[in-house]
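K.L.:
I have a structure here, written as structure tokens, and I will follow up with some questions on it.
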Amino acid sequence: MYDVVLVGHEKLMGEVIGLEGDRTVIQVYEDTSGIQPGEPVENTGASLSVELGPGLLRSIYDGIQRPLPVLQESMGDYIQRGVTAPGLDHEAKWEFVPLAKKGDDVSGGTVLGTVQETKTIVHKIMVPPLISGKIKALKKGKYTIDDVIGSLEDGTELKLMHKWPVRVPRPFTVKHPPDIPLVTGTRTLDGLFPLAKGGTAAIPGGFGTGKTVTQQTLAKWSDAQVV
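Read in order, the letters of the sequence shown correspond to residues 16 to 242 in my numbering.
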């Protein structure tokens with residue numbers, strides 16, 4: 016279940032969402048026009064995952080983390096079917112400043128250091144979940160997200176980026192309920208529908224009712240750096 020598959024001769028990305036006897040139910044995340052019975056389906060053996068690391072805030076993505084600006088550069092405004100690209104820029108170099116040091120005991124969520132991702136956003140580089148140990152090496156410098164920035168004594172390599180399956184919840188030790196108000200600057204929201212920092216919200220509505228305008232207003236005027 017939930018394996019990523021490539022459907023048809025154009026290798027459209029899909030995901031196995033059901034197994035019914037000898038039948039497999041696949042949700043394809045692209046237009047399936049023209050797909051015919053008998054076309055091949057390739058199982059990648061991998062689950063649908065996203066790349067987490069520096070560069071997330073510099074791009075625009077579709078629902079499966081395809082970077083739309085990168086695809087636009089290669090094929091223009093109309094994206095062809097079956098085309099994909101890495102979610103993060105694997106060539107860009109980032110200045111890593113370590114905060115942890117050799118000999119420190121670390122586990123999932125421990126901050127190893129920081130990267131200045133944008134002029135205002137400092138990206139904290141953390142130990143991926145389910146990994147723990149003692150730091151053997153950790154060096155300051157400029158790295159791509161594929162470069163090894165350090166290691167643990169058991170040989171585990173540390174990088175600026177790691178992948179995570181989208182259907183697996185991120186583990187946590189303590190879950191703190193949000194209790195700090197998010198001041199949006201919009202009186203109807205702050206007065207009638209107050210939001211909390213770290214919380215979530217939905218904007219239901221039909222076409223042309225102002226959902227996107229409200230999102231843009233929140234992004235521009237809210238008392239937060241990332242919305």
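Yeah, the Cβ is synthetic: ideal placement off N, Cα and C, and Gly gets one too.
Is it buried or exposed, G70, if we count other Cβ atoms within 10 angstroms and call 16 or more buried?
P.N.:
Stepping through the sequence shown from its first residue, residue 70 is reached at position 55. Buried, by the Cβ-count rule.
K.L.:
Here's a check: name, in chain order, each residue in its chain whose Cβ is nearer than 7 Å to the Cβ of Q131, leaving out the five neighbours to either side.
P.N.:
Stepping through the sequence shown from its first residue, residue 131 is reached at position 116. E110 and V137.
K.L.:
What residues match up with G36 in a beta bridge as DSSP calls it?
P.N.:
If you number the sequence shown from 1, residue 36 lands on position 21. According to DSSP, which records beta bridges pairwise, G36 is partnered with nothing at all.
K.L.:
In angstroms, rounded to a whole number, what distance separates the CA positions of V31 and R185?
P.N.:
Translated into the one-based positions of the sequence shown, residue 31 becomes position 16. Translated into the one-based positions of the sequence shown, residue 185 becomes position 170. Rounded to the nearest angstrom, the two C-alpha atoms are 22 Å apart.
K.L.:
For Q230 and L210, I'd like the C-alpha separation in whole angstroms.
P.N.:
Looking up residue 230 in the sequence shown gives position 215. Looking up residue 210 in the sequence shown gives position 195. Q230 and L210 have their alpha carbons spaced roughly 13 Å apart.
K.L.:
From G123 to S147, what does the alpha carbon distance come to, in whole angstroms?
P.N.:
In the sequence shown, the residue the question calls residue 123 occupies position 108. In the sequence shown, the residue the question calls residue 147 occupies position 132. If you take the alpha carbons of G123 and S147, they lie about 6 Å apart.
K.L.:
Alpha carbon to alpha carbon, what distance is there between D238 and T201?
P.N.:
Within the sequence shown, the letter at position 186 stands for residue 201. Within the sequence shown, the letter at position 223 stands for residue 238. C-alpha separation (whole angstroms): 11 Å.
K.L.:
Quick one: grab the DSSP three-state call for V241.
P.N.:
By 1-based counting over the sequence shown, the position of residue 241 is 226. DSSP places V241 in coil when its eight states are reduced to three.
K.L.:
Check each candidate in E54, M16, Q240 and V19 and name the one with the smallest Cα separation from K134.
P.N.:
As a working note, residue 134 is residue 119 in the sequence shown. Answer by Cα proximity: Q240.
K.L.:
DSSP beta-bridge partners for Q131?
P.N.:
Position 116 of the sequence shown, counted from the start, is the residue given in the question as residue 131. For Q131, which the question treats as bridged, DSSP gives the partners V137.
K.L.:
Restricting to Cα atoms, I'd like to know which of G60, L167, L175 and R96 is closest to T129.
P.N.:
Translated into the one-based positions of the sequence shown, residue 129 becomes position 114. The residue with the shortest Cα to Cα distance from T129 is L175.
K.L.:
Where do the ends of the alpha helix (DSSP H) carrying L153 lie?
P.N.:
Taking the first residue of the sequence shown as position 1, residue 153 is located at position 138. Unbroken run through L153 is the beta strand (DSSP E), S147 to L153; no alpha helix (DSSP H).
K.L.:
Quick check: E45 and L34, are their CB atoms within less than 8 Å of each other?
P.N.:
Position 30 of the sequence shown, counting from 1, holds the residue named residue 45. Position 19 of the sequence shown, counting from 1, holds the residue named residue 34. No, the pair does not count as a contact, with Cβ atoms beyond the cut-off.
K.L.:
State buried or exposed for V126, treating a residue as buried only when at least 16 other CB atoms are found within 10 Å of its CB.
P.N.:
If you number the sequence shown from 1, residue 126 lands on position 111. V126 comes out exposed.
K.L.:
Return the chain-ordered list of same chain residues with a C-beta closer than 6 Å to the C-beta of D119, the five sequence neighbours on each side being excluded.
P.N.:
Position 104 of the sequence shown, counting from 1, holds the residue named residue 119. Taken in chain order, the residues that qualify are I150.
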